[in-house]
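Since the structure comes first, as structure tokens, the remarks are kept for the end.
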Amino acid sequence: MSSPAERPADADRPEDAGHPSPAASPPSLTEVEAHGVDRIPDAERSATPLDLFRLAFGGANTFSTCVLGAFPILFGLSFWQGLAATLLGVVAGALILCPMAVFGPVNGTNNAVSSSAHLGVHGRVVGSFLSLLTAVAFFSISVWSSGDALVGGAHRLFGLARGDLSYAVAYALFAVLVLAVCVYGFRFMLFVNKIAVTSASALFLLGSVAFAGDFDPSYAGVFTDSADAATTDLFWPSFIGAALIVLSNPVSFGAFLGDWSRYIPANAPRRRVVGAAFLSQIATLLPFLFGLTTASVIADKAPEYVDPAAPDFVGGLLAISPGWFFLPVCLLALIGGMATGTTALYGTGLDFSSVFPRLSRVQATLLVGALSIAFIFAGRFGLDLVRSISTFATMIITCTTPWMVVMMLGYWTRRGWYDPEALQVFNRRQRGGRYWFTHGWNWRGMTAWWVAAVLGVLFTNIPGQFVGPLGDLAGGVDISLPLSLVVAAVLFLALLWLFPEPRAVYGPEGARLARTVEVPVPPITGPGAEGALSDPSATLPA
Numbered sequence: 048m049s050s051p052a053e054r055p056a057d058a059d060r061p062e063d064a065g066h067p068s069p070a071a072s073p074p075s076l077t078e079v080e081a082h083g084v085d086r087i088p089d090a091e092r093s094a095t096p097l098d099l100f101r102l103a104f105g106g107a108n109t110f111s112t113c114v115l116g117a118f119p120i121l122f123g124l125s126f127w128q129g130l131a132a133t134l135l136g137v138v139a140g141a142l143i144l145c146p147m148a149v150f151g152p153v154n155g156t157n158n159a160v161s162s163s164a165h166l167g168v169h170g171r172v173v174g175s176f177l178s179l180l181t182a183v184a185f186f187s188i189s190v191w192s193s194g195d196a197l198v199g200g201a202h203r204l205f206g207l208a209r210g211d212l213s214y215a216v217a218y219a220l221f222a223v224l225v226l227a228v229c230v231y232g233f234r235f236m237l238f239v240n241k242i243a244v245t246s247a248s249a250l251f252l253l254g255s256v257a258f259a260g261d262f263d264p265s266y267a268g269v270f271t272d273s274a275d276a277a278t279t280d281l282f283w284p285s286f287i288g289a290a291l292i293v294l295s296n297p298v299s300f301g302a303f304l305g306d307w308s309r310y311i312p313a314n315a316p317r318r319r320v321v322g323a324a325f326l327s328q329i330a331t332l333l334p335f336l337f338g339l340t341t342a343s344v345i346a347d348k349a350p351e352y353v354d355p356a357a358p359d360f361v362g363g364l365l366a367i368s369p370g371w372f373f374l375p376v377c378l379l380a381l382i383g384g385m386a387t388g389t390t391a392l393y394g395t396g397l398d399f400s401s402v403f404p405r406l407s408r409v410q411a412t413l414l415v416g417a418l419s420i421a422f423i424f425a426g427r428f429g430l431d432l433v434r435s436i437s438t439f440a441t442m443i444i445t446c447t448t449p450w451m452v453v454m455m456l457g458y459w460t461r462r463g464w465y466d467p468e469a470l471q472v473f474n475r476r477q478r479g480g481r482y483w484f485t486h487g488w489n490w491r492g493m494t495a496w497w498v499a500a501v502l503g504v505l506f507t508n509i510p511g512q513f514v515g516p517l518g519d520l521a522g523g524v525d526i527s528l529p530l531s532l533v534v535a536a537v538l539f540l541a542l543l544w545l546f547p548e549p550r551a552v553y554g555p556e557g558a559r560l561a562r563t564v565e566v567p568v569p570p571i572t573g574p575g576a577e578g579a580l581s582d583p584s585a586t587l588p589a
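Quick note on the working numbering: the sequence shown kicks off at 48 and runs consecutively.
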């Protein structure tokens with residue numbers, strides 16, 4: 048994070064939001080990004096909703112998404128059942144995700160910082176924690192899947208031995224490449240994703256030609272008419288579990304959208320920003336369907352690779368690929384893995400530079416990257432890889448979705464009005480402001496989040512992998528997501544009505560579907576504050 052002395056003089060002035068400055072020339076690709084989570088000045092906001100689409104789609108139009116797309120087949124579903132689970136997961140996830148894109152343009156900062164308005168100055172660390180979990184999970188998936196594909200392709204093309212040393216070297220080299228892009232920052236990451244969107248899409252389409260002759264949509268899975276009763280009873284848990292694995296991909300971007308959309312001008316039409324986020328996830332049906340179709344081919348032609356005891360999608364894909372497609376598979380793994388890894392890791396390094404003020408954005412990125420690399424090696428060589436991915440992805444959904452609900456309902460009740468100065472209080476190590484609430488915590492939003500998240504974990508049911516203490520109460524069906532969504536929404540709105548927030552946190556038009564109470568705004572004190580009230584120009588009428 049930039050210190051107050053390093054921050055441009057006009058970086059966080061409230062008047063910037065209403066009076067855009069002339070756009071400056073964007074920095075070069077090789078210039079290391081200087082901004083932390085301070086508000087991006089209007090003069091530097093040159094991104095567009097199309098850039099947001101490229102980043103969000105490029106980060107998911109990858110080989111690791113193909114791995115997630117294979118899970119319906121690994122769970123025993125037929126191709127058509129897997130297609131239904133995939134469509135359900137992608138569309139539902141896109142609808143949940145897309146409103147999270149508006150916070151970046153409105154506040155010029157990332158979503159964790161914006162959450163200060165609804166969870167409190169200190170409560171915003173929840174968003175940082177969730178982004179860390181997500182970054183570790185999806186950075187790991189990208190390195191695992193891409194590294195496995197590169198080693199497997201090199202084995203088929205050049206006879207490289209597929210031992211632990213080969214995989215370890217591939218993971219380490221790939222992780223270092225991703226870290227290098229993240230260190231340079233937003234512009235370099237956008238450049239990588241522009242390449243990834245086009246090239247990965249072309250390679251996926253090429254893959255449809257490679258496997259067209261072997262693909263049979265009638266693949267029946269294990270839930271057939273001849274299946275025994277014990278197997279039949281697992282259908283709905285498996286179907287819902289597969290849909291949740293797919294849904295975890297769009298939901299995983301919830302904590303990160305603001306990292307990229309903060310470079311979009313504040314006056315950009317909200318519907319275009321939201322639409323870009325929604326369409327970016329609908330477009331991921333391309334890699335998801337590639338994973339689903341190739342997994343069904345693997346299950347038919349090389350079933351040993353989809354054995355529930357030791358599934359190996361990457362190995363199976365290489366086993367059924369024609370010789371001429373080995374090199375495209377390696378390119379897809381390299382390009383797509385770079386896109387996923389950078390979008391996952393960049394935002395968390397950015398945010399942790401504010402949680403730990405002694406760390407710059409670059410240092411925080413390197414620290415989070417090192418932790419992720421440790422998890423990668425532990426998950427690959429010490430744990431069950433598939434179980435690690437599916438369980439971790441489900442925990443991300445369970446914990447992140449209620450947080451997103453609180454954010455979106457908070458935006459709606461506040462009519463999209465925020466105080467940029469008060470949002471930066473935590474980052475500047477100050478105290479007070481409109482979002483100080485109770486010693487820096489807004490217990491209304493915090494309570495709605497943790498209650499819904501805990502209930503979601505308790506009701507989680509992933510057959511054969513993780514079953515919460517209450518996971519069997521719904522007949523073995525995983526109801527954790529709808530339950531946590533409903534509980535977070537109802538509880539948060541009820542708490543806002545029963546225990547009104549200060550009038551000062553709402554905009555000039557007042558609250559929507561919430562009561563307010565008149566209490567004084569504590570002045571912002573601390574480094575550089577000189578006891579000033581937050582955003583005095585935005586003083587509201589009683």
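Ideal Cβ positions, reconstructed from N, Cα and C, are used throughout, including at glycine.
Would you kindly report the start and end of the unbroken alpha helix (DSSP H) that includes histidine 165?
-> Per DSSP, histidine 165 belongs to the alpha helix (DSSP H) from 163 to 166.
Is it a yes or a no for the region 322 to 334 touching the region 170 to 185, going by three-plus beta-carbon pairs under 8 Å?
-> Judged by Cβ distances under 8 Å, the region 322 to 334 makes no contact with the region 170 to 185, as fewer than three pairs qualify.
Could you check the C-alpha separation between asparagine 154 and tyrosine 465 for me, to the nearest Å?
-> Just so you know, the alpha carbons of asparagine 154 and tyrosine 465 end up roughly 7 Å apart.
Only counting runs of 4 or more residues, tell me where the alpha helix (DSSP H) segments fall wholly within the region 267 to 320, in order along the chain.
-> Qualifying alpha helix (DSSP H) stretches, in chain order: 276 to 279, 282 to 298, 304 to 308.
With DSSP as the reference, label phenylalanine 513 as helix, strand or coil.
-> Strand.
Sequence-distant residues of the same chain with beta carbon closer than 6 Å to tryptophan 488, five excluded per side = Closer than 6 Å at the Cβ level, and outside the excluded window around tryptophan 488, lie Gly167, His169, Gly170.
Contacts around arginine 550, its chain only, beta-carbon distance under 6 Å, and the 5 residues preceding and following it disregarded = Correct list, in chain order: Thr563, Glu565.
Compute the distance between the beta-carbons of alanine 243 and methionine 385, then report whether it is under 9 Å.
-> When the beta-carbon positions are compared, alanine 243 and methionine 385 come within less than 9 Å of each other.
For the alpha helix (DSSP H) containing glutamate 468, list its first residue and its last residue.
-> Segment 467 to 470, the alpha helix (DSSP H) holding glutamate 468.
Inter-residue CB distance, leucine 470 and alanine 536 (contact presumed, cutoff 8 Å) = Contact doesn't hold; Cβ gap of about 23 Å is too wide.
Beta-bridge pairing of valine 564 - partner residues as DSSP gives them | Answer is Pro549, bridged to valine 564.
Under 7 Å Cβ to Cβ from phenylalanine 286, same chain only, skipping five residues before and after it: list those, please.
-> Excluding residues within five positions, the ones whose Cβ falls inside 7 Å are Leu124, Gln128, Ala132.
Residue range of the unbroken alpha helix (DSSP H) whose run includes cysteine 145 = Counting along the chain, cysteine 145 sits inside no alpha helix (DSSP H), nor does DSSP assign it H or E at all.
Name the one or two DSSP bridge partners that threonine 607 has.
-> The displayed coordinates of the chain run from 48 to 589. Any statement about residue 607 would go beyond what the structure contains.
Starting from the Cα of leucine 336, find the closest Cα among Arg86, Asp85, Thr112 and give me that residue.
-> Distances from the alpha-carbon of leucine 336 to those of Arg86, Asp85, Thr112 put Thr112 closest.
Taking the continuous alpha helix (DSSP H) assigned at aspartate 195, which residues delimit it?
-> That run of the alpha helix (DSSP H) goes 172 to 205.
Secondary structure of arginine 92, DSSP reduced to three states | Correct three-state label for arginine 92: coil.
Residues near phenylalanine 282 in its chain [Cβ-Cβ closer than 7 Å; skip 5 each side] = Closer than 7 Å at the Cβ level, and outside the excluded window around phenylalanine 282, lie Phe270.
Are the CB atoms of alanine 324 and leucine 144 nearer to each other than 9 Å?
-> Remark: C-beta atoms of alanine 324 and leucine 144 approach each other more closely than 9 Å.
Which class does alanine 71 belong to by DSSP, given the choice of helix, strand or coil?
-> Unreliable positioning characterises alanine 71 in this predicted model, as indicated by a pLDDT of 47, which lies under 50. A coordinate reading is not provided.
Exposed or buried, threonine 485, counting other C-beta atoms within 10 Å across all chains shown (16 or more means buried)?
-> That one is exposed.
Among Pro467, Leu115, Pro152, which residue has its Cα nearest to the Cα of threonine 387?
-> When each option's Cα is compared against that of threonine 387, the closest is Leu115.
Proximity below 9 Å, CB of threonine 298 to CB of threonine 447 | Checking the sequence shown, residue 298 turns out to be valine, not threonine. Cβ distance < 9 Å, so valine 298 and threonine 447 count as in contact.
Would you call the region 343 to 354 and the region 150 to 165 in contact, with 3 or more CB pairs under 8 Å?
-> No, because fewer than three Cβ pairs between the region 343 to 354 and the region 150 to 165 fall closer than 8 Å, the two stretches do not touch.
For valine 361, count neighbouring C-beta atoms within 10 Å of its own C-beta (all shown protein chains included) and say buried if the count is 16 or more, exposed if not.
-> Buried is the label assigned to valine 361, since at least 16 other Cβ atoms lie within 10 Å of its Cβ.
Is the beta carbon of arginine 309 less than 9 Å from the beta carbon of asparagine 157?
-> With a cutoff of 9 Å on beta-carbon distance, arginine 309 and asparagine 157 are scored as near each other.
Same chain only: Cβ atoms within 6 Å of alanine 290, ignoring 5 sequence neighbours per side = Taken in chain order, the residues that qualify are Ala132, Leu135, Gly136.
Pair within 9 Å by beta-carbon distance, alanine 94 and isoleucine 423 | Inclusion of alanine 94 and isoleucine 423 in the CB contact set at 9 Å is not warranted, their separation being larger than that value.
For arginine 101, the residue or residues it bridges with in DSSP | In the DSSP secondary-structure assignment, arginine 101 is not bridged to any residue.
Could you say which of Leu542, Leu543, Arg461, Phe506 lies nearest to aspartate 593 if we only look at CA atoms?
-> The question about residue 593 has no answer here: the residues shown for the chain are numbered 48 through 589.
In angstroms with no decimal places, state the Cα-to-Cα distance between valine 498 and aspartate 306.
-> Taking the straight line from one Cα to the other gives about 27 Å.
Under the assumption that serine 17 contacts leucine 392 (Cβ atoms under 8 Å), give the Cβ distance between them as a whole number of angstroms.
-> Because the chain here runs from 48 to 589, residue 17 falls outside it and cannot be looked at.
Nearest-angstrom Cα distance between alanine 90 and alanine 313?
-> The C-alpha of alanine 313 is placed about 11 Å away from the C-alpha of alanine 90.
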